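I have placed the structure first, in the form of structure tokens, so that the comments after it can refer back to it.
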Amino acid sequence: MPTQRMSFPPATPLRPYRRAILVGSAHGLGAAMARRLAREGYCLALLDRDAETLERLCAEINAQYGEPLAQPYVHDATHYEEVPALLRRIVADLGGLDLFMYIAGVLLPTTPTTYEFEKDLKMMEVNTLGALAWFNEVAPLFQSARGGQIVGVSSVAGDRGRVGNPGYNASKAALSTYLEALRNRLTRFGVHVLTVKPGFMDTEMLKHSPRTFWVVSPERAADDIYKALRRRKQTIYTLGRWGLVMLIIRHIPSFIFRRLSF
Amino acid sequence: MMTALSLENTFTPLENFGHSLSAPSYLLRPRSVEEIASVFRLSKKSGLGVTLRGAGRSYNDAALNGGQIVLDLTGLDHILEWDPASGVVRAEPGVTLQQLWQRVLPDGWWPPVVSGTMTTTLGGCLAANIHGKNNYKMGVIGEHVLEFRALLPTGAEITCSPDKNADLFYAMIGGFGMLGVFTSITLQLKRVYSGLLEVHAWPTHTLSEQIASLQDGAPQHDYIVGWLDTITVGHGQIHAADYLHQGEDPNPAKTLQVAYQTLPSRLFGVMPKSLLHYFMTPFMNNLGVWGINTGKYLASLRRHSFRQSHAAFHFLLDYVPLWERSYGRGGLIQYQSFLPKETALDAWSEMLALAKRRGLPSYLGVTKRHRPDRFLLSHAVDGFSLALDFKVTDARRLRLRQMLEDFDRIVLDAGGRFYFAKNSETTPETALRFLGVEAVERFRALKKRCDPDGLLQSALYRRVFGKLGQKHD
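Residue numbers (numbering that gives the first Met the number 0), protein chains in the order written: chain A, 0 to 261; chain B, 0 to 472.
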């Protein structure tokens with residue numbers, strides 16, 4: 000029997016809601032992105048493990064626009080096995096899918112001289128494996144529908160391995176490379192894949208980081224991402240100037256880079 | 000043999016006919032009744048609802064079911080029995096009107112009711128209970144169905160006719176595929192003695208003249224249809240057509256042939272018509288359509304008569320292939336209202352004045368004469384219909400929406416009705432008002448009986464009946 004569906008407003012030619020799934024959207028960039036997309040008239044399936052905050056965010060968005068644009072789905076990004084059935088259910092609720100965003104991520108602080116597998120594992124699971132679990136379900140859907148947009152939120156930290164946090168660097172590097180491969184597979188099917196590489200952002204994640212600069216607000220980053228979606232960019236840095244910085248950093252020869260302490 | 004369809008690799012982009020709404024779905028294409036039954040089992044197991052789809056010619060969301068299952072019935076396309084002596088045909092639901100007339104015309108028969116395009120399927124024609132330009136005389140297509148067989152979501156197979164399971168007969172026809180799947184359809188066709196129609200064309204100069212022409216012309220002709228220029232409001236042209244009687248066509252053996260009927264594929268013998276829609280695109284704006292309409296009106300000022308093939312007279316929508324693409328990226332919608340003959344003139348005058356004032360003219364207006372019928376979800380009235388095509392763009396959406404809300408109010412206040420194959424913005428409240436509480440309750444009771452698990456659902460059904468249904472469940 001068809002299960003009781005989340006009731007998004009019905010799409011009609013004069014109310015053609017676009018449809019998005021945001022994994023990791025209760026806090027920070029995810030929440031800002033949800034608010035930004037709601038403003039653009041998207042119907043939003045918002046996923047997070049923090050049920051309470053998620054529901055509050057949905058209620059806030061729905062009250063603001065006077066229609067049920069956002070619906071909460073409680074999901075832990077490391078529960079990979081839930082993904083196929085959950086995706087099918089959400090796509091049925093939304094009435095299709097135009098945009099999938101993987102925003103979930105963790106940064107577990109460490110020091111240049113400590114080694115903790117537990118932390119590396121957790122970051123790999125949330126930042127990388129969770130994303131892969133979703134991409135592997137979303138990609139074939141978009142491929143056969145011959146359209147759609149996939150966004151992965153990676154990080155400038157994935158561009159180079161540094162002394163500070165090898166596990167985080169590796170999890171984001173894997174994500175960036177995976178997204179690039181996905182783009183190379185899917186562009187021929189009309190599917191757009193966007194890699195987002197934020198620098199420092201003013202969210203929970205950075206509250207323990209000692210030295211930050213050029214800090215961007217999640218709202219500004221969400222703006223940048225939305226613009227990149229419209230323009231179908233491949234990779235963006237936010238702030239944009241990180242693009243130039245990382246270009247230089249990527250080209251620092253190892254004999255210098257391994258002596259640096261950032 | 001047990002065959003079952005699966006969802007693997009079936010997610011497909013689907014749109015309405017006007018390309019103004021997209022809804023990707025798991026598209027399954029059964030080739031047998033057993034496979035349809037397997038899809039109902041799959042629906043039950045997966046929790047995904049099922050929508051039936053024929054040629055996909057609905058202007059709205061009648062055959063869309065975004066993110067869920069769409070059952071493409073064009074694979075069941077066999078004409079099962081054809082008796083040229085009695086004109087009775089039995090066919091599968093995926094058979095198109097084109098297939099049908101091409102099979103029966105050489106024997107001297109024609110479908111009694113046809114849509115403006117021949118690509119529609121019989122199943123779709125029954126689900127929408129289509130009418131033609133002869134609605135005032137021949138009624139809806141359902142009035143020519145002798146019998147049909149259907150598979151219900153419960154797995155039961157039933158036979159319906161005006162005498163047998165009559166409640167379902169009058170509800171499934173016009174029930175837009177929400178009660179069951181037609182598996183075979185038996186139709187009584189109409190005898191014709193020529194492949195030609197005698198067509199009369201004359202101009203009208205005002206809306207009231209157009210309505211009077213339809214009113215007075217209808218009893219004298221077998222078909223009548225009006226074209227209305229809604230930019231100048233009033234300029235228009237009437238086309239009325241009559242069957243030829245036995246003996247009037249000197250060479251029926253020739254005109255009844257399919258080759259004689261076929262629409263030309265090239266314009267002036269040179270340009271492939273499949274390219275024509277590209278050349279129309281630059282004119283699909285207020286100014287361009289004004290120019291076209293004015294030219295068309297001036298060319299039609301002379302009252303004249305001529306003979307035209309059935310296919311050429313009826314299937315105007317097929318004359319320019321892909322014409323709907325010329326409306327551009329946002330596509331088009333159609334707003335069709337059915338009004339009692341007493342109120343039509345005032346209501347339409349108000350609507351067209353509103354459209355003019357708001358700078359949102361329709362680019363095509365078509366009027367017809369109608370009569371009521373006894374089907375449960377009927378759209379027909381003793382009166383007239385006006386179909387208006389509107390171009391959809393990002394800049395127009397909100398204003399169009401507000402205008403159509405005003406239109407709905409005007410039509411309802413004037414005692415009018417709507418058609419579930421056309422309007423895309425009808426609200427549950429509007430539907431309840433024109434159908435009446437009793438009809439909706441009866442439809443819901445039948446729905447519960449035929450489809451207790453609610454497997455058959457379309458975007459249209461959820462949009463219009465979803466809320467009405469939930470209140471009582």
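Idealized CB from N, CA, C, for every residue including glycine. Since the structure is predicted, the reported quantities are computational estimates derived from the model, not experimental observations.
Inter-residue CB distance, residue i and residue j (contact presumed, cutoff 8 angstroms)
i      : j      : result
Y69/A  : R4/A   : Checking the sequence shown, residue 69/A turns out to be Ala, not Tyr. No, A69/A and R4/A are not in contact; Cβ-Cβ is about 15 angstroms, not under 8 angstroms.
T237/A : A220/A : 5 angstroms
F406/B : S348/B : About 13 angstroms separates the two Cβ atoms, so there is no contact after all.
V150/A : M100/A : 4 angstroms
R306/B : V198/B : 7 angstroms
Y167/A : L106/A : 5 angstroms
Sub-8 angstroms separation of residue i and residue j beta-carbons
i      : j      : result
A22/B  : G95/A  : yes
G141/B : L121/B : no
A37/A  : Y64/A  : yes
G225/B : S207/B : no
T119/B : G179/B : no
H74/A  : L86/A  : no
G23/A  : A103/A : yes
M283/B : Y169/B : no
P12/A  : G330/B : yes
D372/B : V139/B : yes
Chain A residues whose Cβ lies nearer than 7 angstroms to that of residue i
i      : result
I35/B  : Neighbours of I35/B on chain A: none; closest Cβ ~17 angstroms, over 7 angstroms.
V88/B  : The contacting residues do not exist; V88/B stays about 35 angstroms from chain A at best.
R396/B : L13
Residue i to residue j span [Cα, whole Å]
i      : j      : result
I223/B : L178/A : 60 angstroms
S19/B  : A62/B  : 13 angstroms
F442/B : T95/B  : 27 angstroms
F7/A   : G235/B : 43 angstroms
L93/A  : T112/A : 48 angstroms
D317/B : Q260/B : 13 angstroms
N135/A : Q456/B : 29 angstroms
P152/B : I129/B : 24 angstroms
V214/A : D222/A : 15 angstroms
R356/B : L399/B : 12 angstroms
R182/A : T110/A : 34 angstroms
P15/A  : L411/B : 25 angstroms
Q333/B : P249/B : 41 angstroms
V113/B : S57/B  : 15 angstroms
F39/B  : T185/B : 24 angstroms
G131/B : F383/B : 12 angstroms
T280/B : A50/A  : 50 angstroms
Q256/B : Q245/B : 17 angstroms
M0/B   : I68/B  : Confidence in M0/B is poor, its pLDDT being 45 and thus under 50, which makes the residue's placement too unreliable to answer from.
A346/B : I409/B : 6 angstroms
A310/B : P83/A  : 49 angstroms
H313/B : K272/B : 18 angstroms
E341/B : P9/A   : 35 angstroms
P83/B  : A258/B : 19 angstroms
A165/B : L376/B : 14 angstroms
Contact test: residue i Cβ vs the ligand COA heavy atom, cutoff 7 angstroms
i     : result
V82/A : Ligands displayed in this structure: none; no statement on the ligand COA is therefore possible.
Under the three-state DSSP convention, the category residue i falls into
i      : result
K118/A : helix
A37/A  : helix
I247/A : helix
K196/A : strand
R88/A  : helix
E14/B  : strand
A240/B : strand
F7/A   : coil
L333/B : The sequence as given places Gln at residue 333/B; Leu does not occur at that position. Reduced to three states, the DSSP call for Q333/B is strand.
D47/A  : strand
M0/B   : Note on M0/B: pLDDT 45, under 50, position unreliable in the model; the coordinate value appears next. Three-state result, M0/B: coil.
E80/B  : strand
Amino acids of chain B, ordered along the chain, whose beta-carbon sits closer than 8 angstroms to that of residue i
i      : result
T11/A  : L20, N59, D60, S423, E424 and R462
S143/A : N8, T9, F10 and T11
G95/A  : S21, A22, P23, S24, G65 and G66
G65/A  : Under the 8 angstroms cutoff, chain B gives no residues; its nearest Cβ is about 14 angstroms from G65/A.
Per-residue contacts from residue i into chain A (C-beta, under 9 angstroms)
i      : result
I332/B : T11, P12 and L13
R400/B : T11, L13 and R14
A458/B : P9, A10, T11 and G94
Beta-carbon neighbours of residue i, restricted to chain B and to distances below 7 angstroms
i      : result
L140/A : F10
Contacts of residue i in chain A (Cβ-Cβ under 8 angstroms)
i      : result
V391/B : P12 and L13
Chain-ordered chain B contacts of residue i [CB-CB under 9 angstroms]
i     : result
V90/A : F10, P23, G65, G66 and Q67
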